[in-house]
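Take the sequence shown: its letters are residues 81 to 365, numbered as in the working numbering. Yeah, the Cβ is synthetic: ideal placement off N, Cα and C, and Gly gets one too. Small disclaimer: the values here were computed from a predicted structure and weren't measured. Before any comments, here is the structure.
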Amino acid sequence: MNESVNINWYPGHMAKTKKQLIEDLKLIDIVVEVIDARIPEASINPDIQEYIKEKTKIIVLNKADLADENITQKWIQMYKAQGINAIAVEANSGKNMQAVVNKIKEEYQKIKEKYIQKGRIGKAIRVMVIGIPNVGKSTFINSLAKRSTTKVGNKPGVTKQKQWIKIDNNIEIMDTPGMLWPRLDNKEYAMHLAFCGTIGESAIDNEEIAYYLLEYLLNNYPQTIEERYNIDTKNKETMEILEEIARKRGAIISGGNINMQKISDIILNEFRSGKLGRITIEIPR
Ligand SMILES: Nc1nc2c(ncn2[C@@H]2O[C@H](COP(=O)(O)OP(=O)(O)O)[C@@H](O)[C@H]2O)c(=O)[nH]1
Ligand SMILES: [Mg+2]
């Protein structure tokens with residue numbers, strides 16, 4: 081990855097968000113971390129483990145519809161080998177959401193045993209959804225709310241009035257997700273986040289993101305590019321191919337030059353919307 085890539089992303093409110101999150105976590109028994117199935121490494125937040133401590137954690141690989149199915153299965157097997165619960169879902173269509181509910185119920189049974197031994201009986205188990213921006217936390221919570229036996233209920237008595245969605249007897253989910261900060265310490269991860277639209281626009285220049293995405297795709301999914309844009313990619317430089325795609329798509333400015341902004345947006349949109357097919361950027365090592 082080019083060292084000159086400039087990453088500039090840290091919302092000012094993040095410190096306050098973090099403080100609130102750590103406070104909220106005190107109320108929670110089970111944490112569901114939503115990550116992007118296309119970039120499981122870049123979209124997970126390693127810092128938060130320190131606050132989750134021994135709480136039960138379930139990893140949800142969302143946007144599975146956009147990721148390569150076989151690689152998603154490899155990720156799940158890898159987590160399983162590490163003793164970590166992981167489930168692939170499509171929060172926007174609701175696909176496999178029931179598996180998450182079942183897993184929460186299963187974990188609830190284990191926690192309940194522990195609570196009974198400690199004499200804490202009849203108290204609800206509370207679940208919180210966390211994740212970096214844009215992974216689909218809100219979509220995920222909305223999908224769970226649709227399955228909810230009782231709709232959102234109001235519960236005073238905690239620091240602020242929190243809304244809880246009841247998904248089963250004694251299982252409640254906080255209706256607002258905890259926002260995590262993406263890891264930008266690693267330039268490769270930052271670029272992967274940018275490919276998927278999690279950081280970008282203001283953080284890294286679109287033209288730069290599209291160039292590196294195309295390069296990644298040419299190395300890993302050359303056939304996809306050849307078929308989608310009807311071009312031959314063999315023995316050509318990335319920039320040459322980018323120009324060819326631009327001409328095919330009419331991204332040209334007066335004088336016959338390439339409209340870099342336009343072709344960059346086209347490539348990014350086609351990747352992000354799944355028009356290029358199911359593509360995973362990160363593969364388990
Ligand atoms: N393709 C696809 N898109 C999804 C899925 N879940 C969420 N999205 C989209 O991802 C974007 C971000 O979702 P949102 O719930 O707002 O993310 P949040 O920032 O984590 O709360 C939205 O455009 C959603 O429609 C999914 O399973 N598949
Ligand atoms: Mg949201």
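Neighbourhood of ligand 1, defined by CB distance below 7 angstroms to any of its heavy atoms: Val114, Asn142, Lys143, Ala144, Asp145, Leu146, Val169, Glu170, Ala171, Asn172, Ser173, Gly211, Pro213, Asn214, Val215, Gly216, Lys217, Ser218, Thr219, Phe220, Pro257, Gly354, in chain order. Contact between the segment 151-159 and the segment 194-203 is absent: fewer than 3 CB-CB pairs across the two stretches fall below 8 angstroms. Shown here, Trp244 sits in a strand according to DSSP, grouped into three states.
The segment 128-180 is shown to contain whole beta strand (DSSP E) runs of 3 or more residues at 136-142, 165-168, in chain order. Under the three-state reduction of DSSP output, Glu317 falls in the coil class, being neither helix nor strand. Under the DSSP assignment, Ile212 falls outside any alpha helix (DSSP H); it carries neither an H nor an E label. Rounded to the nearest angstrom, the Cβ distance from Glu113 to Gly211 is 6 angstroms, consistent with a contact under 8 angstroms. If you draw a straight line from the Cα of Ser218 to the Cα of Pro257, it comes to about 7 angstroms. Within 10 angstroms of the beta-carbon of Asp127 lie fewer than 16 other beta-carbons, which makes it exposed. C-alpha of Glu149 to C-alpha of Lys198: approximately 42 angstroms in a straight line. Beta-bridge partners of Met254 (DSSP): Trp244. Secondary structure note for Asp109: it is in no beta strand (DSSP E), with a DSSP letter that is neither H nor E.
Taking the Cα positions, Ile247 is about 20 angstroms away from Leu141.
Separation of Glu324 and Asn222 (C-alpha to C-alpha, rounded to the nearest whole angstrom) is 42 angstroms. About 16 angstroms separates the CB atoms of Glu362 and Leu356; that is not less than 8 angstroms, and the two are not in contact.
For Glu121, there is no enclosing alpha helix (DSSP H), as DSSP marks it with neither H nor E. Cα atoms of Lys314 and Glu252: separation of roughly 54 angstroms, rounded to the nearest angstrom. Annotated three-state conformation of Ile284 is coil, per DSSP. In the three-state scheme derived from DSSP, where H, G and I count as helix and E and B as strand, Ile338 is classed as strand. Residue pairing of Ile205 in beta bridges, as defined by DSSP: Ile251. The C-beta distance from Ile164 to Val180 rounds to 14 angstroms, too long to meet the 8 angstroms contact threshold.
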